[in-house]
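As they're listed, the protein sequences go chains A and B. Okay, so the first sequence: first residue is 1 according to my numbering, each after it adds one. Okay, so the second sequence: first residue is 740 according to my numbering, each after it adds one. These notes concern the structure reproduced below.
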Amino acid sequence: MSTAAITPDLIAQHQLTPQEYEKIVSILGREPSYTELGIFSVMWSEHCSYKSSRLHLKKLPTRGKLVVQGPGENAGIIDIGDGYVIAFKIESHNHPSFIEPFQGAATGVGGILRDIFTMGARPIAVMDSLRFGSLDDPHNGARNRRILSGVVSGIAHYGNCFGVPTVGGETVFESCYDGNPLVNVFALGVCRKDDVFYAKAAGVGNPVIYVGARTGRDGIHGASMASAEFTEESKQKRPNVQVGDPFLEKLLLEACLEAMQTGAIVGIQDMGAAGLTCSTCEMGSRGEVGVEIELDRVPQRETGMTPYEIMLSESQERMLLVADKGREEEVFRVFRKWGLDAVEIGVVTGDGKLRVKQHGETVAEIPNRELADEAPLYDRPHTQPLRRVPMRGPALPEPNVQSALPALVASGDLCSKRWIWQQYDYLVRSNTLAGPGADAAIIRIKETGTSVAMSLDGNGRYSYLSPREGAMLAVAESCRNLSTVGARPVAATNCLNFGNPERPEIMAQLVEAIEGMGEACRFFDTPITGGNVSLYNETLGEGIYPTPVVGIVGLLKTAAPTGIAFRNAGRSLVLLGGLGVCDEIRFGGTQYAKVILKQLWGLPPALDVDREKRVQDAIREIVNEGLAESAHDLSDGGLAVAAAECAFSSGTIGARLDLDSDLRPDLLLFHEGPSRILLSTAQPEKIAEVARRHGVEALSIGVTIEKAVEIWQRGKLLGKWEVTELKTRYDQVLESHVR
Amino acid sequence: MTFGVIVFPGSNRDHDAVYAVSNVLQQKVELIWHDSASLGSVDAVILPGGFSYGDYLRCGAIAKFSPVMSAVKKFAADGGLVLGICNGFQILVEAGLLPGALIRNRSLQFVCREVELRPGTTDSPFTCAAKRDRTYRVPIAHGEGCYFADERTLDELEAEDRVAFRYVQNPNGSLRDIAGILNRERNVMGMMPHPEDATEPLMGSCDGLVVFESMIAAAVRA
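Here you go:
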């Protein structure tokens, strides 16, 4: 074994604590070699082991009658009926995307796609939840624009070439993401229920086969990088970022799915974070077997690579599989057809150990289970969630609705994201019934007559004000988005983006957000089937807002979607759920507070989950019965912005709102109270009847009209705008920033 | 009628083409692998969208050397119908079956959206079912779709009535708004927009059917 001396410095460089090192020594019964130290350091990194969050993640609901596979595999799996299942998951690629935006985001897409097809499912949709620093920041604006452009073209480059439609997501700008952009990528695939594969090694004596790209020195210690805060030196970590090749991934997809059909594959896992290390020990651990590999047989792109480098490389587009002994040739034949390397590099053994050899000599020998599943587990101290804003806001100035709405629709979070999504192929495979710009994306499953709706949601401002309520609101909104397109929410995946968990006030944010998310997912019956935790999102000690993002999927019968666009003038406008309630404290997290008042205070909007559920039951029935011509849920920006968005989507039809309320106009029009949906309809009585049956208010608030948006409150005109003029601002602002 | 859809390793709209032709139009379809030296007994060939061999060098620059392209050239020379969509158009141009080049969009960005097309001619097996007085809504999805050729070639295309489709609003900087062209013999057409992705009400438009219906009508006449 390697004789490099293990010094306290070396241990610290590997981000292992002295106690963790002691545990390694006790597992091995000896000092580790340098290679073994590297292997432990990546497997026990925060990114791979969830050592700070695992204890709390157990509080999330993971079971349900449609759940075929919950957390612990490469992706969660849900039964969608007719013999088919969907596999889906969300992952973050935050740290690499800051260091190298294009490749960071591209390989983020590549990694999550492999997680899906390693389970036997063909990816049919991708969505992205993105957060950047402000584009017009005087100091960091140029860098933030460069990161935005790089991330978007990286996602486009990878997804477009691979041939998966990128159908939606969210983009938010906030200065807390200046040094820590968030790139969360969600992917979803479909396969026959009988064709699901698991990442489990089995059958002593079976060959372990390496397929796909050759191993190089790229990405070494990527997982550890993702588990530390950024400092001034972080830019030197650029070589830790991997480089993606979407064409190779496409070949890998087709070859893997075809090879799976031979019946000769026992188990398969992609090499993502921690590469060969993670795939070998996790497959071994899940199957309660050992795995022995010979590094000389691993296809290598560079010469002279050490065992340490080969085991820790995060070169992309690689897979590890276990085949039935004697049937290797059937597997090799498929990979040859697709022009890919497929090499037998080892064998499944009965001793439960990961044994790594080079030139016939053992360079690492570690028990799989201890390495993969018995990473240290921390109950990190948590106090009160960090929050540096007051509960009471400023005295609200007299509102100017006429100027506020144009300012809001031209603000970073609310403006059209067309410049982004137009760079994505959102149509390939011809299944996209609703794509970017819809409340939820809808992808039909051609084989079954069922469609899958999906939505990504999160709100860092809400979560900063109250991590628990913010997480609950994200779940409620995601479910509402699905219900608004007529889908029944069935399962969720989550991506938890937080700062440094070693700070008790940050750990408190994480704990409360997980508890809130768990409570809401339990209530809405959307078990979490997997996800990702991204911690240490801090640069120079400044953390991001706690940003729990949830991706929820729903099911519906395949049919033409209702959409958010007003379709005809002269239709009744109905606000399902009513005008809602809001006081000044609950107004502090809104877009109005951010854009117009440039402040943050108080608490997020109040959520009444029972009412939310009733509203969602009602809207599903309304949409599925075809009673509405358009339906759009109210979220960021509140009622006025929602009405404007329906008009923008139509292009010509606007609205006249006549509101009867005592609320101040700013609160009335821009509060973000949940559980509300704006409908246009030719059948208001039928909608009222459905609403009554569900115990939900269906308030008539006006009519659709040609060319303009007008808002009146008790006979007083608050504002009036030409649709085309307002829409031009909405459409062009993002593009004008990035050009 | 039997359509052959060529599958390069990086083709990704092959499924879309197959679905449109078989499920929507109820025609027979055969997939033809890129290293086949023969096309079998198909009546028409579709080169689908995608990234043939990754297209890192130049779109279609490697595909033109693939074994199947020799077969496609022979098929075209014998008068067979060849339709190249998006990447397929790029490959036909690289292979010399159509004139000009497809260069990066003027925006330098990939662009995916619906566009309106106007038929440039109805005198072709790909547009004979089209009406000149209306427009067709079909999506585009490409990064290198800006049609480029020298003035003489462009004049020749127009003089010989070989512009199959034009953009109503040019999305990529194509010269003379060209979205699709024909070869001199009029049995080979390349177009950047995706008619296969506009063949059902659920796709938001059925206007792409006109291309396939034209081909079927032309094949019946032949």
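Yeah, the Cβ is synthetic: ideal placement off N, Cα and C, and Gly gets one too.
Within-7 Å CB hit, residue i to chain B
i	result
residue 430(A)	yes
residue 727(A)	no
residue 557(A)	no
residue 738(A)	no
residue 731(A)	no
residue 341(A)	no
residue 251(A)	yes
residue 425(A)	yes
residue 160(A)	yes
residue 104(A)	no
residue 433(A)	yes
residue 566(A)	no
Cβ-based burial, residue i [other Cβ within 10 Å; buried from 16]
i	result
residue 780(B)	exposed
residue 139(A)	exposed
residue 459(A)	buried
residue 391(A)	exposed
residue 940(B)	exposed
residue 760(B)	buried
residue 316(A)	buried
residue 242(A)	buried
residue 416(A)	buried
residue 359(A)	exposed
Residue-chain proximity (residue i, chain A), Cβ-Cβ < 7 Å
i	result
residue 880(B)	yes
residue 763(B)	no
residue 902(B)	no
residue 850(B)	yes
residue 753(B)	no
residue 946(B)	no
residue 921(B)	no
residue 770(B)	no
residue 822(B)	no
residue 790(B)	yes
residue 912(B)	no
residue 787(B)	no
residue 748(B)	yes
Cβ-Cβ distance between residue i and residue j below 7 Å
i	j	result
residue 921(B)	residue 903(B)	yes
residue 648(A)	residue 592(A)	no
residue 166(A)	residue 424(A)	yes
residue 478(A)	residue 544(A)	no
residue 566(A)	residue 687(A)	no
residue 907(B)	residue 855(B)	yes
residue 440(A)	residue 485(A)	yes
residue 643(A)	residue 704(A)	no
residue 201(A)	residue 348(A)	yes
residue 179(A)	residue 109(A)	no
residue 499(A)	residue 537(A)	yes
residue 90(A)	residue 128(A)	no
residue 857(B)	residue 905(B)	yes
residue 804(B)	residue 778(B)	no
residue 463(A)	residue 546(A)	yes
Start-to-end residues for the beta strand (DSSP E) that takes in residue i
i	result
residue 115(A)	Careful: residue 115(A) lies outside any beta strand (DSSP E), inside the alpha helix (DSSP H) at 101 to 117.
residue 525(A)	No beta strand (DSSP E) holds residue 525(A); DSSP gives it neither H nor E.
residue 757(A)	In the structure displayed, chain A extends from 1 to 739; residue 757(A) sits before or after that span and is not available.
residue 709(A)	708 to 713
residue 851(B)	850 to 858
residue 885(B)	885 to 887
residue 450(A)	450 to 457
Integer-rounded CB distance, given that residue j should sit under 8 Å from residue i
i	j	result
residue 495(A)	residue 92(A)	5 Å
residue 277(A)	residue 312(A)	6 Å
residue 749(B)	residue 793(B)	6 Å
N-terminal and C-terminal residue of the alpha helix (DSSP H) that residue i is part of
i	result
residue 648(A)	638 to 650
residue 617(A)	609 to 624
residue 180(A)	Where residue 180(A) is concerned, there is no enclosing alpha helix (DSSP H), given that its DSSP letter is neither H nor E.
residue 632(A)	Here residue 632(A) belongs to no alpha helix (DSSP H); instead the beta strand (DSSP E) covers 630 to 633.
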